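Below is one structure, written out as structure tokens; the observations come after it.
2 protein chains.
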Amino acid sequence: MKVSQKGLYALQSLMMLARHREQGAIRIRDIAYEENLPEKFLELILVELKNARMVESARGAKGGYQLRRAPEDIRISEIIRLVDGPLAPFGDAESLRALIDRDVEHRALYQLFLEVRDAAAKILDNTTLADLIAGPLRRGARIKRTRKRSSEKASELGVLPMGMRGKASHE
Amino acid sequence: MKVSQKGLYALQSLMMLARHREQGAIRIRDIAYEENLPEKFLELILVELKNARMVESARGAKGGYQLRRAPEDIRISEIIRLVDGPLAPFGDAESLRALIDRDVEHRALYQLFLEVRDAAAKILDNTTLADLIAGPLRRGARIKRTRKRSSEKASELGVLPMGMRGKASHE
DNA sequence: GATAATACCTACTATAGTAATAGAGATTAA
DNA sequence: TTAATCTCTATTACTATAGTAGGTATTATC
Numbered sequence: 237m238k239v240s241q242k243g244l245y246a247l248q249s250l251m252m253l254a255r256h257r258e259q260g261a262i263r264i265r266d267i268a269y270e271e272n273l274p275e276k277f278l279e280l281i282l283v284e285l286k287n288a289r290m291v292e293s294a295r296g297a298k299g300g301y302q303l304r305r306a307p308e309d310i311r312i313s314e315i316i317r318l319v320d321g322p323l324a325p326f327g328d329a330e331s332l333r334a335l336i337d338r339d340v341e342h343r344a345l346y347q348l349f350l351e352v353r354d355a356a357a358k359i360l361d362n363t364t365l366a367d368l369i370a371g372p373l374r375r376g377a378r379i380k381r382t383r384k385r386s387s388e389k390a391s392e393l394g395v396l397p398m399g400m401r402g403k404a405s406h407e
Numbered sequence: 237m238k239v240s241q242k243g244l245y246a247l248q249s250l251m252m253l254a255r256h257r258e259q260g261a262i263r264i265r266d267i268a269y270e271e272n273l274p275e276k277f278l279e280l281i282l283v284e285l286k287n288a289r290m291v292e293s294a295r296g297a298k299g300g301y302q303l304r305r306a307p308e309d310i311r312i313s314e315i316i317r318l319v320d321g322p323l324a325p326f327g328d329a330e331s332l333r334a335l336i337d338r339d340v341e342h343r344a345l346y347q348l349f350l351e352v353r354d355a356a357a358k359i360l361d362n363t364t365l366a367d368l369i370a371g372p373l374r375r376g377a378r379i380k381r382t383r384k385r386s387s388e389k390a391s392e393l394g395v396l397p398m399g400m401r402g403k404a405s406h407e
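Quick look at the structure:
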């Protein structure tokens, strides 16, 4: 796995959106300014994140971007896979498993690659956007909290899709 | 970290040289044939490995390549760093540590990257060429053996630089 | 309904990295 | 001397990376 500059920008933008979650839609320009990112490049990244249904956008005046899910439910592994591809250092988990089965000569090598992938996946699957924007915590504590709370928290916060803002409240 | 095709070829070549260690210098053509690698591309890779003092070459007829160190002493991390750069998913360990100190806003993110790097380094530092060419072992066993024997084994085998083959024996 | 603010879309550029291939030159064992 | 090697320099084709530019569509607000 290699995280590109673009991947870094995606992660930083999403962290920013997570921090400003209560403020509704945030303009591209504000994200770019606060995170110090090239605005036009960021545009392309946000479209990609939108197509992957990780954020949603509002067009026109007062438009902008916001997260579609609670930060507790967005794993860092998901973001990296989306922007920069598989976590494995070579190929992806599936093809590595196939090679381990078929290529007897190099089995040990591919197994090693898979070990590295699994180690990365373990860390990145168990860390969410919420973990990254929280204050500093001991590593053990962070991972434990994610595992415990990641699924259950979203339902507690009354998170609604953007189209329902305002409308749902008076129906 | 990303292992390129070139990195894979390097690893496969070195595993092959490790397997044929007792046979002295091996021709590029034979490595390419046995490992099914593009010969001219392999040439360039071997020069790189030679410049890094990981293998040594003999020119002219009966020439070829061989390892300069015992397979027990060649860590996979070293090979990957050589050919494909740092193990970290973004930047390198040093610059990540610097960012963790300086960039307060993104500290948690860089710390995460460093965790991933450390996990990969732990695996790849503790696996050697010897481990990869040995028969299948349980993972725990492999790592334990490497840790125990990596340094002490080289001195037991009478490993001599290539220039000394034959000569030293009758001096 | 006009206007300004915003996201959206298409195209383009520049640079570097990847994965080779080609061929002539230098060195050495036999 | 010669054949077998490694060595060196160039070149090619393709893809990825990291942006920039500018017009188009949509929407809140007045």
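Residue numbers (my numbering), protein chains in the order written: chain A, 237 to 407; chain B, 237 to 407.
Cβ coordinates follow ideal geometry from the N, Cα and C atoms, glycine included.
Quantities reported herein were computed from a predicted structural model and do not represent experimental measurements.
* Got a sec? Which residues, its chain only, sit under 6 Å from asparagine 366(B) by beta carbon, not counting five neighbours each side? -> Strictly speaking, residue 366(B) in this sequence is alanine, with asparagine absent from that position. Within the same chain, alanine 366(B) has close Cβ partners Pro307 and Glu308.
* **Length of the line joining the Cα atoms of arginine 263(B) and methionine 290(B)** => Straight across, the Cα-Cα distance linking arginine 263(B) with methionine 290(B) is about 16 Å.
* Asked: So which residues on chain B does proline 274(A) lean against when the C-beta distance must stay under 8 Å?
  -> Under the 8 Å cutoff, chain B gives no residues; its nearest Cβ is about 17 Å from proline 274(A).
* The alpha helix (DSSP H) with glutamine 347(B) in it runs from where to where? -> Here the alpha helix (DSSP H) through glutamine 347(B) covers 343 to 361.
* **For glutamate 292(A): DSSP bridge partner residues** => DSSP, once it has assigned bridges, lists Gln302(A) as partnering glutamate 292(A).
* So, is the C-beta of phenylalanine 277(A) closer than 8 Å to a C-beta in chain B? -> Not one chain B Cβ lies under 8 Å of phenylalanine 277(A).
* To do: Compare the C-beta of methionine 251(A) with all C-beta atoms of chain B and state if any pair is closer than 8 Å.
  => By this cut-off, methionine 251(A) is an interface position.
* To do: Answer with yes or no whether the minimum CB distance from arginine 383(B) to chain A is below 8 Å.
  => The pLDDT assigned to arginine 383(B) is 39, lower than 50, so where the model puts this residue is not dependable; a value taken from the coordinates is nonetheless given after this. No, because no Cβ of chain A sits closer than 8 Å to the Cβ of arginine 383(B).
* To do: Report yes or no: do the segment 314 to 321 of chain A and the segment 314 to 322 of chain B share at least 3 C-beta pairs separated by less than 8 Å?
  => Touching, no, given that fewer than three Cβ pairs across the two stretches are closer than 8 Å.
* **Distance between lysine 298(A) and glutamate 351(A) (C-alpha atoms, nearest Å)** => A straight-line Cα-Cα distance of about 47 Å links glutamate 351(A) and lysine 298(A).
* Asked: Whose C-alpha, out of Leu282(A), Glu330(A) and Arg353(A), is nearest the C-alpha of tyrosine 301(A)?
  -> Nearest C-alpha to tyrosine 301(A): Leu282(A).
* Contact between the segment 241 to 253 of chain A and the segment 264 to 282 of chain A: three or more CB pairs below 8 Å? -> Verdict: yes, contact present.
* Along chain A, in chain order, which residues have C-beta atoms closer than 8 Å to that of glutamine 259(B)? -> Those within 8 Å of glutamine 259(B) in chain A number zero; the least Cβ separation is about 17 Å.
* So with Cβ pairs under 8 Å, would you call methionine 290(A) a contact of chain B? -> Residue-level contact by beta carbon fails for methionine 290(A) and chain B, as no gap is shorter than 8 Å.
* To do: Can you check DSSP and say which residues form a bridge with isoleucine 262(A)?
  => Isoleucine 262(A) has Tyr301(A) as its beta-bridge partners, per DSSP.
* Cβ pair histidine 342(A), glutamine 248(B) closer than 8 Å -> Yes. Within cutoff.
* To do: Mind listing the chain A neighbours of lysine 238(B)? Cutoff is C-beta to C-beta under 9 Å, in chain order.
  => The answer, in chain order, is Met237, Lys238, Pro325 and Phe326.
* Delimiting residues of the alpha helix (DSSP H) encompassing valine 239(A) -> Segment: none, valine 239(A) is in no alpha helix (DSSP H) and carries neither H nor E.
* **Distance, arginine 311(A) Cα to asparagine 362(A) Cα** => Taking the straight line from one Cα to the other gives about 7 Å.
* To do: Compare the C-beta of isoleucine 315(A) against all C-beta atoms of chain B and say whether one is closer than 8 Å.
  => No, because no Cβ of chain B sits closer than 8 Å to the Cβ of isoleucine 315(A).
* Whole-angstrom C-beta distance between leucine 368(B) and alanine 344(A), which should lie under 8 Å -> About 4 Å separates the two Cβ atoms, so the contact holds.
* Starting from leucine 348(A), find everything on chain B with Cβ-Cβ shorter than 8 Å and list it in chain order. => Within chain B, the C-beta atoms nearer than 8 Å to that of leucine 348(A) come from Ile312, Ile359, Leu360, Thr363 and Leu368, in chain order.
* Asked: Mind pulling the chain A residues with CB within less than 8 Å of histidine 342(B)?
  -> Gln248 and Met251, listed in chain order.
* **C-beta neighbour in chain A for alanine 297(B), strict 8 Å** => So, not an interface residue.
* To do: Could you tell me which residues DSSP pairs with arginine 311(A) in its beta bridges?
  => In DSSP, arginine 311(A) forms a bridge with Thr364(A).
* Asked: Along chain B, in chain order, which residues have C-beta atoms closer than 8 Å to that of leucine 332(A)?
  -> Within 8 Å Cβ-Cβ: nothing; leucine 332(A) doesn't reach chain B, min ~11 Å.
* Asked: Around the C-beta of alanine 246(A), are 16 or more other C-beta atoms found within 10 angstroms, so that it is buried, or is it exposed?
  -> When all chains shown are included, alanine 246(A) counts as buried.
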